[in-house]
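These notes concern the structure reproduced below.
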Amino acid sequence: MSPRIERQGTDNPRSLPPFGKFRARLERRKRQGNKRASSFPDASNRLIEAINPGSRELAKSMTWYGFWVAEQIKSLRPCLVNLIPDYDNDDNDLWQPQFLNLWDLIALHLRTNTDTRIDTIIDLLVKDEILQLDQERKNLFQARQVVFSVIGWQTMIWKAETGVCPPGQLAISDERNGFQGENELSFRQDQSCCKRSLQQVIMGFGILLPSSQQCRLELRRESQATEGTTAALSSSPNYNCLPTISPASLNMFMLSTVGGIRTQWTDVLSHHLELNNKDRIIYLYRFPSFCLLNVPATPDEESKTERHTPIYACCDSTVNNKYWACQDDIRDLLRETLLSYRVLFGQDKRSRKMYKRLRPFEDCSKREQDVLLNELCSREHCDLTVNEDRHNYDPCEDFPLYSNRFNVLHQVLMNTKARTWKQLWKDKRDSAAWLTFWLLLIFGGLGVVFSFMQMILQVIAISLDRG
Numbered sequence: 001m002s003p004r005i006e007r008q009g010t011d012n013p014r015s016l017p018p019f020g021k022f023r024a025r026l027e028r029r030k031r032q033g034n035k036r037a038s039s040f041p042d043a044s045n046r047l048i049e050a051i052n053p054g055s056r057e058l059a060k061s062m063t064w065y066g067f068w069v070a071e072q073i074k075s076l077r078p079c080l081v082n083l084i085p086d087y088d089n090d091d092n093d094l095w096q097p098q099f100l101n102l103w104d105l106i107a108l109h110l111r112t113n114t115d116t117r118i119d120t121i122i123d124l125l126v127k128d129e130i131l132q133l134d135q136e137r138k139n140l141f142q143a144r145q146v147v148f149s150v151i152g153w154q155t156m157i158w159k160a161e162t163g164v165c166p167p168g169q170l171a172i173s174d175e176r177n178g179f180q181g182e183n184e185l186s187f188r189q190d191q192s193c194c195k196r197s198l199q200q201v202i203m204g205f206g207i208l209l210p211s212s213q214q215c216r217l218e219l220r221r222e223s224q225a226t227e228g229t230t231a232a233l234s235s236s237p238n239y240n241c242l243p244t245i246s247p248a249s250l251n252m253f254m255l256s257t258v259g260g261i262r263t264q265w266t267d268v269l270s271h272h273l274e275l276n277n278k279d280r281i282i283y284l285y286r287f288p289s290f291c292l293l294n295v296p297a298t299p300d301e302e303s304k305t306e307r308h309t310p311i312y313a314c315c316d317s318t319v320n321n322k323y324w325a326c327q328d329d330i331r332d333l334l335r336e337t338l339l340s341y342r343v344l345f346g347q348d349k350r351s352r353k354m355y356k357r358l359r360p361f362e363d364c365s366k367r368e369q370d371v372l373l374n375e376l377c378s379r380e381h382c383d384l385t386v387n388e389d390r391h392n393y394d395p396c397e398d399f400p401l402y403s404n405r406f407n408v409l410h411q412v413l414m415n416t417k418a419r420t421w422k423q424l425w426k427d428k429r430d431s432a433a434w435l436t437f438w439l440l441l442i443f444g445g446l447g448v449v450f451s452f453m454q455m456i457l458q459v460i461a462i463s464l465d466r467g
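Have a look at this one:
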């Protein structure tokens, strides 16, 4: 985090406010020259430290992020060439200082300003000569596309679509083949939204960051639809038809073998745990270390007025909006995401084995893989989560934001009956009923066999007596 401002208006960079420090660094880099591109390790660390200045140690295990951003940059090359002075259109030279300066300023603005607007960020980039607009500002739509895309990369709440979006519009990528989740309203909107606050821009695509209050309302509506009555809804504001979340009965092994649900890994945090019931697909976010990067490490960090990381710029703590996440909701979302991997995979032996067959990074090299995902999903014990493993979790206390998504998964299992002998053997949601069924089947089968053998022996004895 940026140190406290003691004095302003001095030439000492250490005493400058955040944007003063940034401009001082920018001037030094201009004097040194912008021709030499940064090496990959240095650039990757710089990307991460711009998001969270106190993340130097974590950055060493997040090499995947640099590769991921590099892949996204390729789709923006035409815009960057038109907007950034002296930007070289060379796929082998991705980490040019001009782009890294742009990245730093956007991250700094998101962390230090309560009123964030895309057009305001563009004005700052133009003022610092990082972006260059033509006299008639005809390339403003490209600048908006660049800033919107970079904010998406720094928060991972969405991925901008740059290939098919017409000029004058912003679009988020369709990562799920046309499936629109419970909160998505549209994949596109007019670029005039860039004049409004960042929260309003995001809400134009839907409620990508729901509040805990909204999640409770949705859960109560689902409960009403499931039970066909409103009687249960009047008893408690925290009413939940899923009393507890137990990794022993609600895990990916059960969802796959009994519920017939397939797993699709996604790069978008807002898609995590959403279920496409029609195609029987659950979407799981595959970069949990990004959540760890954004979770405040100590209560002191949570209480600071300066935002911890850019993702918190997507909330608005000054507006009492039951449909939109506040800062506490975003913090809970990150922590719940980390804990959800333990519930679905890590705390169940069969789910841990299943995870190794899912191959979430099948299309990536080893350096592009998030090692924390393997730690959370394939190990029986993991010290990297923000909560301790338990046998049962309270949906309202432990998963206030994901409780409705867990409830949907719970309903899938409750409404699905085992139909084959294999499914019956694997379905141990009710261990007492499972044991009773198989004991009755075994002893009943043995009784039938013994009765049949006794009948055969009697027939043989009668035949021998007559002979």
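Quick note on numbering: UniProt numbering labels position 68 of the sequence shown as 68, and the sequence is numbered without any gaps.
Glycine residues also receive a C-beta, built at the ideal position from the N, C-alpha and C atoms.
- Per DSSP, the beta bridge partners of E274 are Y283.
- Pairwise C-beta distances place the segment 396-410 in contact with the segment 331-351, as three or more of them are shorter than 8 Å.
- Look at the beta carbons and you see the segment 283-293 touching the segment 52-59: at least three pairs across the two are nearer than 8 Å.
- Per DSSP, the unbroken beta strand (DSSP E) holding R262 starts and ends at 262-266.
- Around the beta carbon of D370, a 10 Å sphere encloses 16 or more other beta carbons of the protein chains shown; the residue is thus reported as buried.
- Each of A313, Q180, S149, T155 was checked against the Cα of A171, and the nearest Cα belongs to S149.
- Taken atom to atom, the span from the alpha-carbon of G444 to that of F450 is near 10 Å.
- DSSP, read as helix, strand or coil, puts A171 in strand.
- Contact check for I330 against L209 passes: the beta carbons are separated by less than 8 Å.
- If only uninterrupted alpha helix (DSSP H) runs of at least 4 residues are considered, those enclosed by the segment 35-79 are 40-51, 56-59, 63-73.
- A residue is called buried when at least 16 other Cβ atoms come within 10 angstroms of its Cβ; D86 does not meet this threshold and is exposed.
- When DSSP reads this structure, D190 sits in a beta bridge with Q169.
- Contact between I48 and L273 is ruled out by a C-beta separation of about 25 Å, above the 8 Å threshold.
- Taking 8 Å as the cut-off, the Cβ atoms of I73 and Q98 do not count as close.
- For the set W68, W158, S44, C396, the Cα lying nearest the Cα of V268 is the one of W158.
- In the three-state DSSP reduction, S289 falls in the helix class (H, G or I).
- With 16 or more other CB atoms across the displayed protein chains lying within 10 angstroms of its CB, R111 is buried.
- Burial is judged here by how many other beta carbons sit within 10 angstroms of a residue's own beta carbon; H391 has fewer than 16 and is exposed.
- A distance below 7 Å between beta-carbons, with the five flanking residues on each side excluded, links I121 to the following residues of its chain, in chain order: I106, H109, V147.
- Per DSSP, the continuous alpha helix (DSSP H) segment holding T120 begins and ends at 118-127.
- Sequence-distant Cβ neighbours of D174 in its own chain, meaning closer than 8 Å and more than five residues away, are E161, F187.
- Assignment of Y312 by DSSP, reduced to helix, strand and coil, places it in the helix class.
- In this structure, the alpha-carbon of N82 lies about 16 Å from that of D123.
- Residue environment for I84: buried (at least 16 other C-beta atoms within 10 angstroms of its C-beta).
- Under the three-state reduction of DSSP, S378 is assigned to helix.
- Looking at the DSSP output, Y393 sits in a beta bridge with I245.
- Beta-bridge pairing by DSSP links A160 to I172.
- Boundaries of the alpha helix (DSSP H) around W153: 140-155.
- Looking at F179, G181, Q213, Q169, the one whose alpha-carbon comes closest to that of V201 is Q169.
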